[in-house]
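Right, one structure below, let's go through it.
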DNA sequence: GTCTATACTCGGATAGAC
DNA sequence: GTCTATCCGAGTATAGAC
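Protein chains in written order, with this note's numbering: chain A, 1 to 199; chain B, 1001 to 1199.
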C-alpha cells in the first residue's frame, strides 16, 4: 500500500476534467480535441486523465454518465408530486433547460458521431432514456384524468421525449426562441388539447 | 461535337446511383460504404461515380440535393390552399412521411456526422430548411385567424419544423408509433390549443 | 511501424454525332 | 470514317487500424 489520495480532491479533479471535456468536446469536436488540452484546462497532467477514465472514449462517456444520478434525482423529485400534469410540465422544463447551454448543440453532434463507435456510450444513453421515459410514463398514468384519455402512456412518453430532444437539435438555431417555455407549451397542449379537434 | 449521351439514360443512372447511395449510406454508414459498392449496386463502374459526382462527398450531397425540387413543389402545392390550417397539417404530414422509410434514421445520423465536414452539404440543408420555413411562415400568417394569435409566425415555423425533425430522430424507435398522425396532432394542438391554458 | 482497405486517377476503349 | 464525350477498371497513393 502507498499513499491514499484525498477522496474529495479526487472527486474535484474528476468533475473538473468532466467539465473541461464537455466544454472542449462541444466547442472543437471529439477528434479535434487532444486529451492533453482537456488535462491542461482541468489543471492536471494528461497521464491523470487515462488513470481516471481509462481512455479518451471513457472520458467522453463520463460526461454523460455523470448526469445519470442527476437525471434519477430529477425524476424522483417529480414522481410523487401532487399534481401529475404540472409535474410533467416542470419535468419537461428541467429536461430542456440544459439545452440553453452554449455547448449543447455541439455536444449533441458529437454524441451522434460517437455513439456508433462506442457500445458502452450507447448503453449509458439508453439508461438515461429509460429513466426519463419510465418517469414520464408513470406521471402520464397518474394524470389520466386531466389529459387526453386516448393518449397511450408508453408511446406518449416517447413522443414527449422526442419533443424535448428537438430542443437540443435546435439549440443553436436563433429562431428557436424560448425553448423551455415553448416546449412546455407544446407538451401541455398536446396532452390536454383534446377538445377542439378538427381535420 | 461528338457523342452526346442519351439524356434519359444519364438521368436514370444518376437516380440509380443516388438511390443506391441513400440505401447503403443509411444501412452501413458513410465511412463503411465503399464507392465501389454503390457503383456495383447501381450497375456502373466506380469511375462513373466520380465522373458524375466529383467525389464521394458529392455523391452523399446529391442524395439531399435531389429532393430540393420535390420540397419546393410540395410547398408550392400547399401555399395557396383555401384553408391555411388544414394546409399546414397536410404539409406537416407530407414532411414526416419519408421518416417511415426504413433508412431514415440511419441517414439522419450520417447527415449530422457529415454536415460539419462539408460546407456545401450544409448549404444544401440550409436551403431545404429555408424553403420549408418560408412556406410554413406564409401559411401561419394566413392562418392568423384560426390559430393562437400569440404565436409569432417566424419562431413558430421553426418550432413546427423542430417537431417534424423529432420524428426523424426517433424514426427507428419502436415506441414512437404512428409518426405522421402523432406529429399532425401535436402541431394542431400547439397551434390551436390556446383555450385551456393553466400552469 | 506495418499493412490493409479504399478514395481517386488515368490511359484506353466505346459508341454515337457529323 | 473520324472525332470526342463518356465510361470503364486496374493502378496508386494514402489514411487509418492494430
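Backbone N, C-alpha and C fix where the C-beta goes; we use that ideal spot for every residue, glycine too.
Exposed unless 16 or more other CB atoms sit within 10 angstroms - verdict on residue i
i	result
residue 1102 (chain B)	exposed
residue 1165 (chain B)	buried
residue 130 (chain A)	exposed
residue 15 (chain A)	exposed
residue 1106 (chain B)	buried
residue 1051 (chain B)	exposed
residue 1120 (chain B)	exposed
residue 82 (chain A)	exposed
residue 70 (chain A)	exposed
residue 110 (chain A)	buried
residue 998 (chain B)	Nothing can be reported for residue 998 (chain B): it is not among the residues displayed for chain B, which extend from 1001 to 1199.
Bounding residues of the alpha helix (DSSP H) (the contiguous stretch that carries residue i)
i	result
residue 119 (chain A)	119-142
residue 1069 (chain B)	1068-1079
residue 1194 (chain B)	First-last for residue 1194 (chain B): undefined, no H or E at that position.
residue 54 (chain A)	Run containing residue 54 (chain A): none; DSSP gives neither H nor E here.
residue 153 (chain A)	153-169
residue 105 (chain A)	104-115
residue 1018 (chain B)	1007-1028
Heavy atom of the ligand HEM within 7 Å of residue i beta-carbon
i	result
residue 1168 (chain B)	Because no ligand of any kind appears in the structure shown, any question about the ligand HEM cannot be addressed here.
C-alpha gap between residue i and residue j, whole angstroms
i	j	result
residue 1150 (chain B)	residue 89 (chain A)	20 Å
residue 21 (chain A)	residue 93 (chain A)	25 Å
residue 38 (chain A)	residue 142 (chain A)	45 Å
residue 95 (chain A)	residue 62 (chain A)	19 Å
residue 186 (chain A)	residue 179 (chain A)	10 Å
residue 1175 (chain B)	residue 1004 (chain B)	52 Å
residue 1013 (chain B)	residue 1044 (chain B)	8 Å
residue 1188 (chain B)	residue 191 (chain A)	12 Å
residue 1025 (chain B)	residue 1136 (chain B)	30 Å
residue 123 (chain A)	residue 74 (chain A)	20 Å
residue 1168 (chain B)	residue 8 (chain A)	44 Å
residue 1126 (chain B)	residue 91 (chain A)	32 Å
residue 163 (chain A)	residue 1162 (chain B)	8 Å
residue 172 (chain A)	residue 104 (chain A)	8 Å
| request: Could you name the residues of the stretch 1157-1168 of chain B whose beta carbon sits closer than 9 Å to any beta carbon of chain A, in the order they occur along the chain? | output: Taking 9 Å as the Cβ-Cβ cut-off against chain A, the residues of the stretch 1157-1168 of chain B that qualify are 1157, 1158, 1159, 1161, 1162, 1163, 1164, 1165, 1166, 1167.
| request: Would you list, in chain order, the members of the stretch 1013-1046 of chain B that have their beta-carbon closer than 8 Å to a beta-carbon of chain A? | output: Answer in chain order: 1029.
| message | Give me the subset of the stretch 76-101 of chain A whose CB atoms are less than 7 Å from a CB atom of chain B, sorted by chain position. | response | Within the stretch 76-101 of chain A, the qualifying residues are 86, 89.
| request: Using a Cβ-Cβ cut-off of less than 8 Å, give me the residues of the stretch 1058-1070 of chain B that come near chain A, in sequence order. | output: Residues: none.
| message | Any C-beta of chain A within less than 7 Å: which residues of the stretch 1112-1138 of chain B qualify? | response | The stretch 1112-1138 of chain B vs chain A, Cβ under 7 Å: 1112, 1113, 1116.
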